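To start, the structure under review is shown below, and the notes come after it.
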Amino acid sequence: MIRPSLTKFAWMSVGAAVVTIFMKLAAYWITGSVGLLSDALEGGVNLIAATVALVTLKIVERPPDDMHAYGHDKAEYFSSGIEGTLIVVAAGSIIYTSVQRLLAPQPLEQPGLGLTLAVLASVINLVIGQILIRTGKKHDSITLEADGHHLMSDVWTSVGVVIGVTAAVLTGLTWLDPVIALLVGLKIGWEGIRIFRRSTMGLMDSAIAPREQDQIETILNRYHQEGIQWHAMRTRQAGARRFISVHILVPGAWTVQQAHNLSERLEAEIRAVAPYISIFTHIEPKDDPAALNDLALDRDPITQ
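To get our numbering, take the position in the sequence shown, counting from 1, and add 1266.
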């Protein structure tokens, strides 16, 4: 199964980032709100992240070649890792600016117009963010999903900023604006750390989701009534691609054709429940004691 091109969604993210940056910067220039400035800085990170996502998806969509026989899907983890790092950097910048403004508060100007622009920018991010998350989950793209969550984080950031500016205007307590911005910076930083951790786990060849593993084991277990056994199933995930290897134990009297037919049938059933998957089945005679000596992840060629 071939995943459709997803670059058009990355272009949507780039476009949304450009539009919202100008809207948020205008809101900051109008009001002087450090909260809105923090929001605009986050918009700049959105643009960089969206551009990285676009380039990454173009790389991922390249066909396998001699140097990358299993494809380029793992590039998605580098993209989300870069995005996580950028979010943390933006959070640090927001926190620094907020502390500076907290130590030297300044009055807000024309908050009504500024907040209107901020809200409109948030609506754009909300719509695009939801589209990216749904598409990313549907096609197992951690790049789009991370970018979508990043935009949603920006939405909640804007909500916090609007609350901070509104509270500062209504109460006259100008320190509320930088305090809210400081909290926003901490929240964004945590989101960046979470995305970076997920990317790291992907680069370390983590197993596929437990739910999918259970589905595959259910299929394998159904063949017990035909005298088939299995063991040594190993799984890993690289972006949208899933890789599974499993040893299938068949009656020793079977012909190669019989074992091959079983393997084809079994792999077809697994592909029906797990898209974007590559399956490697190793056929063994179940009445050969040596077949049970290869359960370890790494087999010693001297002792095996």
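C-beta atoms are modelled at their ideal positions from N, C-alpha and C, and glycine is treated no differently.
Fair warning: this is a prediction, and the values are worked out from it, not measured in the lab.
How about the segment 1415 to 1430 and the segment 1463 to 1478: do they share at least three Cβ pairs that are nearer than 8 Å?
No, because fewer than three Cβ pairs between the segment 1415 to 1430 and the segment 1463 to 1478 fall closer than 8 Å, the two stretches do not touch.
Quick one, which of L1383, R1488 and I1287 has its alpha-carbon nearest I1314's?
Closest option to I1314, Cα to Cα, is I1287.
Report all residues from its chain with a CB closer than 7 Å to the CB of A1519; omit the five preceding and five following residues, and keep chain order.
Here the set comprises nothing.
Roughly how many whole angstroms lie between the Cα atoms of G1451 and V1365?
Straight-line Cα distance between these residues: approximately 11 Å.
Over what stretch of residues does the beta strand (DSSP E) that includes A1476 continue unbroken?
Correcting the residue type first, residue 1476 is Pro in the shown sequence and not Ala. First-last for P1476: P1476 to N1487, but that is the alpha helix (DSSP H), not the beta strand (DSSP E).
Determine the DSSP secondary structure at E1550, reduced to helix, strand or coil.
In the three-state reduction of the DSSP assignment, E1550 falls in the strand class, which pools E and B.
Tell me which same chain residues have a C-beta within less than 8 Å of the C-beta of H1405, skipping the five on either side of it?
Excluding positions up to five away in sequence, the list reads R1269, P1270, L1272 and A1506.
Can you tell which of V1389, L1532, L1449 and L1417 has its C-alpha closest to the C-alpha of I1399?
The candidate whose alpha carbon is nearest that of I1399 is L1417.
Give me the Cβ distance between E1550 and L1515, rounded to the nearest whole Å; I'm assuming they're in contact under 8 Å.
About 5 Å separates the two Cβ atoms, so the contact holds.
Using the Cβ count rule (16 or more neighbours within 10 Å means buried), how would you classify A1387?
Counting C-beta atoms within 10 angstroms of its own C-beta, A1387 has 16 or more neighbours from the protein chains shown and is therefore classed as buried.
For R1215, three-class secondary structure by DSSP
With the chain running from 1267 to 1570 in the structure shown, residue 1215 is simply not present.
Sequence-distant residues of the same chain with beta carbon closer than 6 Å to V1355, five excluded per side:
Counting only Cβ-Cβ distances below 6 Å, and skipping sequence neighbours, we find nothing.
Where DSSP assigns a beta bridge to F1509, which residues make up the other side?
F1509 is bridged to R1502 and S1544.
Taking the alpha carbon of I1485 as the reference point, which residue from R1328, W1441, V1539 and G1402 has its own alpha carbon closest?
Nearest C-alpha to I1485: V1539.
For G1458 and A1556, what's the separation of their Cα atoms in angstroms?
Spanning the two alpha carbons is a distance of roughly 48 Å.
Local conformation of W1496 per DSSP, three classes
Here W1496 sits in strand by DSSP.
For R1353 and R1508, I'd like the C-alpha separation in whole angstroms.
What sits at residue 1353 in the sequence shown is Ile, not Arg. Roughly 28 Å between the two C-alpha positions.
Beta bridge counterpart(s) of V1516 as assigned by DSSP
DSSP output for V1516 lists P1551 as bridge partner(s).
Length of the line joining the Cα atoms of M1470 and D1480
Linking M1470 to D1480 through their CA atoms gives a straight-line distance of about 21 Å.
Terminal residues of the continuous alpha helix (DSSP H) containing H1338?
It is not in any alpha helix (DSSP H) - H1338 carries neither H nor E in the DSSP assignment.
Going by CA-CA distance only, name the one from H1490, I1429, T1432 and A1504 that's closest to S1465.
Answer by Cα proximity: A1504.
Whose C-beta lies closer than 7 Å to the C-beta of G1310 among residues of the same chain, with five residues either side of it excluded?
The residues are I1287.
Helix, strand or coil for T1322, going by three-state DSSP, please let me know.
In the structure shown, T1322 sits in a helix (DSSP, three-state: H, G or I).
Segments of 3+ residues assigned as beta strand (DSSP E) that fall wholly inside the segment 1381 to 1454:
For the segment 1381 to 1454, not one full-length beta strand (DSSP E) segment reaches 3 residues or more.
Under DSSP, the alpha helix (DSSP H) around R1531 begins and ends at which residues?
Start and end: V1522 to V1539.
What's the call for T1521, buried or exposed, on a 16-neighbour Cβ count within 10 Å?
Burial call: exposed.
Checking 8 Å against the spacing of the C-beta atoms, do A1316 and K1290 come in under that value?
Not a contact, by the Cβ cut-off of 8 Å.
Which whole-angstrom value describes the C-beta separation of A1319 and L1410, a residue pair presumed to lie in contact below a C-beta threshold of 8 Å?
Cβ-Cβ separation between A1319 and L1410: approximately 7 Å, consistent with a contact (criterion under 8 Å).
Expected contact under 8 Å - CB spacing of A1384 and V1427 to nearest Å:
Contact flag correct, Cβ pair sits at about 6 Å.
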